[in-house]
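The structure under discussion appears below in the form of structure tokens.
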Amino acid sequence: ETGVTQTPRHLVMGMTNKKSLKCEQHLGHNAMYWYKQSAKKPLELMFVYNFKEQTENNSVPSRFSPECPNSSHLFLHLHTLQPEDSALYLCASSQEGSIAGGLETQYFGPGTRLLVL
Amino acid sequence: DAKTTQPPSMDCAEGRAANLPCNHSTISGNEYVYWYRQIHSQGPQYIIHGLKNNETNEMASLIITEDRKSSTLILPHATLRDTAVYYCIHNAGNMLTFGGGTRLMVKP
Numbered sequence: 010e011t012g013v014t015q016t017p018r019h020l021v022m023g024m025t026n027k028k029s030l031k032c033e034q035h036l037g038h039n040a041m042y043w044y045k046q047s048a049k050k051p052l053e054l055m056f057v058y059n060f061k062e063q064t065e066n067n068s069v070p071s072r073f074s075p076e077c078p079n080s081s082h083l084f085l086h087l088h089t090l091q092p093e094d095s096a097l098y099l100c101a102s103s104q105e106g107s108i109a110g111g112l113e114t115q116y117f118g119p120g121t122r123l124l125v126l
Numbered sequence: 282d283a284k285t286t287q288p289p290s291m292d293c294a295e296g297r298a299a300n301l302p303c304n305h306s307t308i309s310g311n312e313y314v315y316w317y318r319q320i321h322s323q324g325p326q327y328i329i330h331g332l333k334n335n336e337t338n339e340m341a342s343l344i345i346t347e348d349r350k351s352s353t354l355i356l357p358h359a360t361l362r363d364t365a366v367y368y369c370i371h372n373a374g375n376m377l378t379f380g381g382g383t384r385l386m387v388k389p
């Protein structure tokens, strides 16, 4: 138990569906992240939020839309996805979200395994 | 692209020490070395970090060479539950770049 929860744990959706992934952290952190892990590929950073502001969008297609209403919650809204978007989506949080340097240990949730049909 | 180089896989006998190497020759002065691991179908788990000095915690030890261009993660008494992919990362700040990691298989 890392203090970062994700729901749902598994999701199957069609290409025309709209769904949302939810992440919640109970660690009092100020930075939250979305990562994508496709089969046999390294984790890819998608989005970074620091103090509720998006500070990084790693060239992610617009069919993925993040939302961070407060420092404890992060959503990933999905619509018109493609089968190649099937992957494990991981949320993480860290204390300060510093991009300038220093220690930024990230704590990951268990992930949502998404299958797009 | 990942900035570290790790062997893709290693085996270790249960109860023995597992020594996982990592090369990070492009590390800069203010970047920490982090180790995470990912057990199958779970999120990555933080293990340990270091800057210059060797570090030890309840999970592992981290040995960093004097020139900081490489490091070794040591699991002193590997168990079957340590079977996972181990990632070595160096970053300043929060922009983690994961490589392929080392798949450690602990065998009875």
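Chains A and B, in that order, give the protein sequences. Take 10 as the starting number for the first sequence in the numbering used here and just add one per residue. Take 282 as the starting number for the second sequence in the numbering used here and just add one per residue. Glycine is no exception: its CB is placed at the ideal position from the N, C-alpha and C atoms. Treat the numbers as computed from the prediction; the structure is a model and nothing was measured.
Per-residue contacts from A/Y116 into chain B (C-beta, under 7 Å): Y327
Opening and closing residue of the beta strand (DSSP E) in which B/A341 lies: Run containing B/A341: none; DSSP gives neither H nor E here.
Where the beta strand (DSSP E) containing A/M55 begins and where it ends: 53-59
Anticipated Cβ contact below 8 Å, A/D94 with A/L123, distance rounded: 7 Å
Minimum Cβ-Cβ distance from A/L99 to chain B less than 8 Å: yes
Identity of the residue in A/Y98, A/K45, A/T114 nearest A/Q15 by Cα: A/Y98
Cutoff 8 Å: A/L124 Cβ touching any chain B Cβ: no
Cβ of B/H330 within 8 Å of any chain A Cβ: yes
Beta carbon proximity, B/M376 to chain A, threshold 8 Å: yes
Proximal residues of chain B, C-beta to C-beta of A/G120 below 8 Å: S322, Q323, G324
Proximity winner among A/L52, A/H86, A/T11, relative to A/H38 (alpha-carbon distances): A/T11
Spatial neighbours of B/A298 in its chain, beta-carbon cut-off 8 Å, leaving aside the 5 residues before and after: I355, L356, P357, H358, A359
First and last residue of the uninterrupted beta strand (DSSP E) at A/M24: A/M24 -> no beta strand (DSSP E), and no H or E assigned at all.
Interface flag, A/L135 vs chain B, CB-CB below 8 Å: With chain A represented from 10 up to 126, any question about residue 135 of chain A goes unanswered, as that position is not in the structure.
Of the residues A/K49, A/M55, A/N26, A/M22, the one placed nearest B/L377, counting alpha carbons only: A/M55
Per DSSP, the bridge partner or partners of A/V69: A/V69 is not bridged to any residue.
Straight-line Cα distance separating B/T364 from B/N300: 13 Å
Alpha carbon of A/L20 to alpha carbon of A/E65, nearest angstrom: 25 Å
Beta-carbon proximity check, B/Y327 vs B/Y313, cutoff 8 Å: no
Spatially closest choice to B/T307 from B/L343, B/S290, B/K350, by CA coordinates: B/K350
Minimum Cβ-Cβ distance from B/G296 to chain A less than 8 Å: no
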